[in-house]
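Quick note: the sequence shown uses numbering that gives the first Met the number 0, first residue 0, plus one each step.
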Amino acid sequence: MPAEVRTASGSLALDAHTLVRYPPGDTAAKAAAEYLAAEIRRSRGLPLTVTASYDATAGAILLKTDPDASVDKPEGYTLDVGSSGARISARSSAGLFYGAVTLWQLATADGKQGSTAIPAVTIRDWPRFAWRGLMLDVARHFHDVTEVKQVLDAMAEHKLNVFHWHLTDDQGWRIEIKRYPKLTSVGAWRTPPGAGTHGEPERYGGFYTQAQIRDVVAYAAARHITVVPELDMPGHAQAAVAAYPELVGVTGERPKVSVDWGVNPYLYNVDDKSFTFIENVLDEVMALFPSTYIHLGGDEAVKDQWKNSPAVQAKMKSLGIADENALQSWFTDRLGDYLGKHGRRLIGWDEILEGGLPRTASVMSWRGVQGAIDAAKQGHDVVLAPAGWMYFDNLQSDRADEPNGRLSVLGLERVYGFEP
């Protein structure tokens, strides 16, 4: 629900003759107006005309950037709908965009095509949370650019503003890194058991070229969505180790890209070669993603390979590090410093609290909410993503025709009932 809603009598007729107008030179209003018209054409089949004119013609929809708009909160807007027309005003381009989204929601509430009437209302709205995110895991299940853009479209329609792109894991590496081509020629592909039973084994996978990533980032930005890439480390590293065991592996063995669900033992090494590799990868990642935050995972890192490596144990001794959890903290802290030198910030899953929270890190809490509470008490920014409420890959119901998902049922009532 919007922050403030005041209903009134009457309604605004919306039909094929409705005009959408913005002041000449107001690029933010132009973008929001064109988005609104395109969404109404798609959902209602009405070809609204968008013009660079702010004349208050009867029945017109007016959008305007106003530095003195009544809502002064970030991303806020005011929407007034009456029988004579509709007005959207905001101090920022994001606010105008979200005002346009709200008007579209009001115009399509009946789910029908053709003309409609929008109830008269005044809405003053702004978000409660600065980070309103959705994560898409493309490492386990690859989705092409068209599908990613469909996700971004749905996010925009729900005013979500951070697309968390889980690009690497044990089961696949999905981002082209020009300096290390085997990350995608090897790491992007796996051969599941039984694939190609009646012929050649069938590989599964795919990856995004850097040109495709730039396209997705631009597409998201046009919808006021920031793309935050995730490269999971030091665990969930099997695809990277499969591609370059000599650069990042701990044991020297070359595994295949994982075909199994779950947690695997492969870790990034902590020697100079491994950090050189990671920093080179991050250089290319930062060139593609303007996001302040870079997500470096940190979850479910099984420490056995570090425990059993004489070289890693010697490294720990030389650094005065007592245990492997503290070593992960040192690993994460070092990469946080590297990102910081480039004007970026590290965010990781709540496991990065174990062994001591790195100085500059922000925490995304998936194992409940306690990790977020602990990090916030230490003065760190936090994002809540507790699996018990927020994992949409769970079954939505216990109906027989429910599509496949994680076995426990997570219904929408529980999701909507989460009150952080």
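Cβ coordinates follow ideal geometry from the N, Cα and C atoms, glycine included. This structure is a prediction, so every number in the text was calculated from the model and none was measured.
**Asked** Going by the beta-carbon positions, is the gap between residue 134 and residue 157 smaller than 7 angstroms?
**Response** As a first step, residue 134 must be located in the sequence shown, where it is residue number 135. As a first step, residue 157 must be located in the sequence shown, where it is residue number 158. Not closer than 7 angstroms, so no.
**Message:** Less than 7 angstroms between CB atoms is the rule here; does residue 345 satisfy it with respect to chain C?
**Reply:** Of the chains in the structure shown, none is chain C; there is only one protein chain.
**Prompt:** Mind pulling the beta strand (DSSP E) runs of 3 or more residues that sit fully within the segment 191-265?
**Reply:** 225-229
**Prompt:** Where DSSP assigns a beta bridge to residue 81, which residues make up the other side?
**Reply:** On the sequence shown, residue 81 is found 82 positions in, with the first residue counted as 1. 84.
**Message:** Quick check on DSSP: helix, strand or coil for residue 26?
**Reply:** Mapped onto the sequence shown, residue 26 falls at position 27. Residue state, collapsed to three classes: helix.
**Message:** Counting beta carbon pairs with one atom in the segment 63-73 and one in the segment 108-122, are three or more of them shorter than 8 angstroms?
**Reply:** no
**Message:** According to DSSP, is residue 69 part of a helix, a strand, or is it coil?
**Reply:** Your numbering for residue 69 matches position 70 in the sequence shown. It is coil, neither helix nor strand.
**Prompt:** Is residue 13 near residue 56, with beta carbons less than 7 angstroms apart?
**Reply:** As a working mapping, residue 13 is identified with position 14 in the sequence shown. As a working mapping, residue 56 is identified with position 57 in the sequence shown. Their beta carbons are not under 7 angstroms apart, which means residue 13 does not touch residue 56 by this criterion.
**Request:** Alpha carbon to alpha carbon, how far is residue 322 from residue 224? Give it in angstroms, no decimals.
**Result:** Counted from its first residue, the sequence shown places residue 224 at position 225. Counted from its first residue, the sequence shown places residue 322 at position 323. One C-alpha to the other measures close to 39 angstroms.
**Item:** Any 3 or more C-beta pairs closer than 8 angstroms across the segment 138-146 and the segment 170-189
**Value:** yes
**Request:** Inspect the beta-carbon positions of residue 347 and residue 281 and report whether they are closer than 7 angstroms.
**Result:** Start at 1 with the first residue of the sequence shown, and residue 347 comes out as number 348. Start at 1 with the first residue of the sequence shown, and residue 281 comes out as number 282. It is not a contact, given that the beta carbons lie outside the stated cut-off.
**Request:** Alpha carbon to alpha carbon, how far is residue 4 from residue 75? Give it in angstroms, no decimals.
**Result:** Sequence index remark: in the sequence shown, residue 75 carries index 76 (1-based). Sequence index remark: in the sequence shown, residue 4 carries index 5 (1-based). Looking at the two C-alpha atoms, the distance is approximately 13 angstroms.
**Cβ contact check for the segment 89-100 and the segment 207-224: 3 or more pairs under 8 angstroms** = yes
**Message:** My output table needs one value for residue 403: the three-state DSSP class, helix, strand or coil.
**Reply:** Taking the sequence shown and counting its residues from 1, one reaches residue 403 at position 404. Coil at residue 403, not helix or strand.
**Request:** Check whether the Cβ atoms of residue 106 and residue 212 lie closer than 7 angstroms to each other.
**Result:** Mapped onto the sequence shown, residue 106 falls at position 107. Mapped onto the sequence shown, residue 212 falls at position 213. Going by C-beta atoms, residue 106 is not nearer than 7 angstroms to residue 212.
**Item:** Contacting residues, own chain, Cβ-Cβ under 8 angstroms from residue 203 (five flanking each side not counted)
**Value:** The residue labelled residue 203 in the question sits at position 204 within the sequence shown. Same-chain partners within the cutoff: 141, 188, 189, 190, 191 and 194.
**Distance CB(residue 97)-CB(residue 148) smaller than 7 angstroms** = Within the sequence shown, the letter at position 98 stands for residue 97. Within the sequence shown, the letter at position 149 stands for residue 148. The answer is no: Cβ separation not under 7 angstroms.
**Request:** Identify the continuous alpha helix (DSSP H) that holds residue 334 and give its terminal residues.
**Result:** Taking the first residue of the sequence shown as 1, we reach residue 334 at position 335. Element bounds for residue 334: 323-340.
**Prompt:** Which residues share a DSSP beta bridge with residue 163?
**Reply:** Mapped onto the sequence shown, residue 163 falls at position 164. Paired residue(s): 134 and 227.
**Message:** Please classify residue 0 as buried or exposed, where buried requires at least 16 other C-beta atoms within 10 Å of its C-beta.
**Reply:** For the purposes of this step, residue 0 is taken as residue 1 along the sequence shown, with counting starting at 1. Residue 0 is exposed by the Cβ-count criterion.
**Asked** Tell me which same chain residues have a C-beta within less than 8 angstroms of the C-beta of residue 276, skipping the five on either side of it?
**Response** If you number the sequence shown from 1, residue 276 lands on position 277. Taken in chain order, the residues that qualify are 179, 243, 246 and 247.
**Message:** Just to confirm my understanding: we take residue 333, look at its own chain, exclude 5 residues before and 5 after, and list those with CB closer than 8 angstroms. What are they?
**Reply:** The sequence position of residue 333 within the sequence shown is 334, counting from 1. Excluding positions up to five away in sequence, the list reads 274.
**Prompt:** Do residue 314 and residue 269 have their CB atoms nearer than 7 angstroms?
**Reply:** Reading the sequence shown from its first residue, position 315 is the one you call residue 314. Reading the sequence shown from its first residue, position 270 is the one you call residue 269. Yes.
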